[in-house]
Amino acid sequence: MNKLDIRTVDVTQYVCPLREGGSLPAIVKADDGFLYVLKFRGAGQGKKALISEFIGGEIARVIDLKVPELVFMNLDDSFSKTEPDEEIQDLLKFSVGLNLGLHFLSEAITYDPLVSTVDAMTASKVVLLDSIISNIDRTAKNTNLLHWNNELWIIDNGASFYFHHDWKNWENHLSRTFPLVKDHVLLNKATCLTEASVEIKKLLNLDKITEIVASIPEDWLLSESDTFSPNEMREAYIKFIDTRFSKIDLLVKEAEDAK
1 MNKLDIRTVD
11 VTQYVCPLRE
21 GGSLPAIVKA
31 DDGFLYVLKF
41 RGAGQGKKAL
51 ISEFIGGEIA
61 RVIDLKVPEL
71 VFMNLDDSFS
81 KTEPDEEIQD
91 LLKFSVGLNL
101 GLHFLSEAIT
111 YDPLVSTVDA
121 MTASKVVLLD
131 SIISNIDRTA
141 KNTNLLHWNN
151 ELWIIDNGAS
161 FYFHHDWKNW
171 ENHLSRTFPL
181 VKDHVLLNKA
191 TCLTEASVEI
201 KKLLNLDKIT
211 EIVASIPEDW
221 LLSESDTFSP
231 NEMREAYIKF
241 IDTRFSKIDL
251 LVKEAEDAK
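Oh and the sequence shown: position 144 is 144 in UniProt numbering, straight run, nothing missing.
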């Protein structure tokens, strides 16, 4: 399987926590000199949230949405030893190893549905992206979108692919669509859903999906509580995304009806 060219960097400085995120992500500096928002493997949803973030972000990139560069980030055990805050100390301790970083967009502002603008094609693509990856967390309460340089940027897809929290029943999700699209923050602005689906069909395909899933670090797919092997999990992610993608016309209709 071909893989994406994802860079791996080392964390050199813990700058500050982002308290607005439920999983306590942090701004960190890496050995390439850049700042990143670090998503921790030791946070509540663990490595599964990193997998969701990674797959969702790279699919968004394939369909020409704006996504900060995603990198794999090595965190060593030195940071927890000098951190005075006990909660952050524990998070750092449980996150030693490979984590996920998003390039930090300096001075970006959170998307506000009452104030921010977004064009209909972009809004429609985001709605369909989230229908494909079953992202339940892009609502008015928590938009997980940023405005930067007058463009809309996708961040935080960690609540996607919720089937992977129960591998024994994951196949039950193959026949479903995405009724929770009714709560999507961009639904009312998504007035080009059919046109957006045509664009997505041109850009996304099974090879691209396979390439993204093949790039998930093996370590993130290993868990004592899961009965599936990493290869079985990869096959399940590919099958789920491809099945959803093949139903894109149904997803368009579901979103139209939800309006």
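Even glycine gets a Cβ: it sits at the ideal position worked out from N, Cα and C.
Classify residue i as helix, strand or coil using the three-state DSSP reduction.
| i | result |
| --- | --- |
| Phe245 | helix |
| Ala30 | strand |
| Lys39 | strand |
| Gln89 | helix |
| Leu105 | coil |
| Gly44 | coil |
| Val11 | strand |
| Arg239 | Strictly speaking, residue 239 in this sequence is Lys, with Arg absent from that position. Residue state, collapsed to three classes: helix. |
| Gly97 | strand |
| Asn135 | coil |
| Glu171 | helix |
Exposed or buried, residue i, counting other C-beta atoms within 10 Å across all chains shown (16 or more means buried)?
| i | result |
| --- | --- |
| Leu18 | exposed |
| Asn2 | exposed |
| Arg41 | buried |
| Thr143 | buried |
| His165 | exposed |
| Ser134 | buried |
| Pro179 | exposed |
| Ala26 | buried |
| Leu193 | buried |
Alpha carbon to alpha carbon, how far is residue i from residue j?
| i | j | result |
| --- | --- | --- |
| Met73 | Phe94 | 14 angstroms |
| Lys79 | Ser52 | Position check: residue 79 holds Phe in this sequence, whereas Lys was assumed. Between Phe79 and Ser52, the C-alpha separation is close to 26 angstroms. |
| Thr122 | Gly57 | 15 angstroms |
| Lys39 | Glu199 | 30 angstroms |
| Asp64 | Gly97 | 31 angstroms |
| Asp257 | Ile136 | 18 angstroms |
| Gly44 | Ser23 | 6 angstroms |
| Leu152 | Leu186 | 11 angstroms |
| Lys182 | Trp167 | 26 angstroms |
| Thr117 | Leu146 | 11 angstroms |
| Asp112 | Ala120 | 16 angstroms |
| Asp207 | Ala236 | 15 angstroms |
| Asp77 | Val252 | 47 angstroms |
| Val62 | Val127 | 15 angstroms |
| Cys16 | Phe240 | 36 angstroms |
| His173 | Ala196 | 24 angstroms |
| Asp242 | Asn169 | 18 angstroms |
| Glu171 | Glu83 | 43 angstroms |
| Glu254 | Lys81 | 50 angstroms |
| Thr227 | Leu221 | 11 angstroms |
Assuming the contact rule is C-beta atoms closer than 8 angstroms, residue i and residue j should be a hit. Round their C-beta distance to whole Å, please.
| i | j | result |
| --- | --- | --- |
| Val213 | Arg244 | At roughly 13 angstroms, the Cβ-Cβ gap does not stay under 8 angstroms, so Val213 and Arg244 are not in contact. |
| Thr8 | Lys29 | No, Thr8 and Lys29 are not in contact; Cβ-Cβ is about 15 angstroms, not under 8 angstroms. |
| Leu102 | Ile155 | 6 angstroms |
Taking 8 angstroms as the CB-CB cut-off, is residue i touching chain B?
| i | result |
| --- | --- |
| Ser124 | This model lacks chain B altogether, as it is built from one protein chain only. |
Quick one: is the Cβ of residue i within less than 7 angstroms of any heavy atom of the ligand COA?
| i | result |
| --- | --- |
| Leu92 | The ligand COA is not part of this structure, which contains no ligands at all. |
Using DSSP bridges, identify the partner residues of residue i.
| i | result |
| --- | --- |
| Ile154 | Leu145 |
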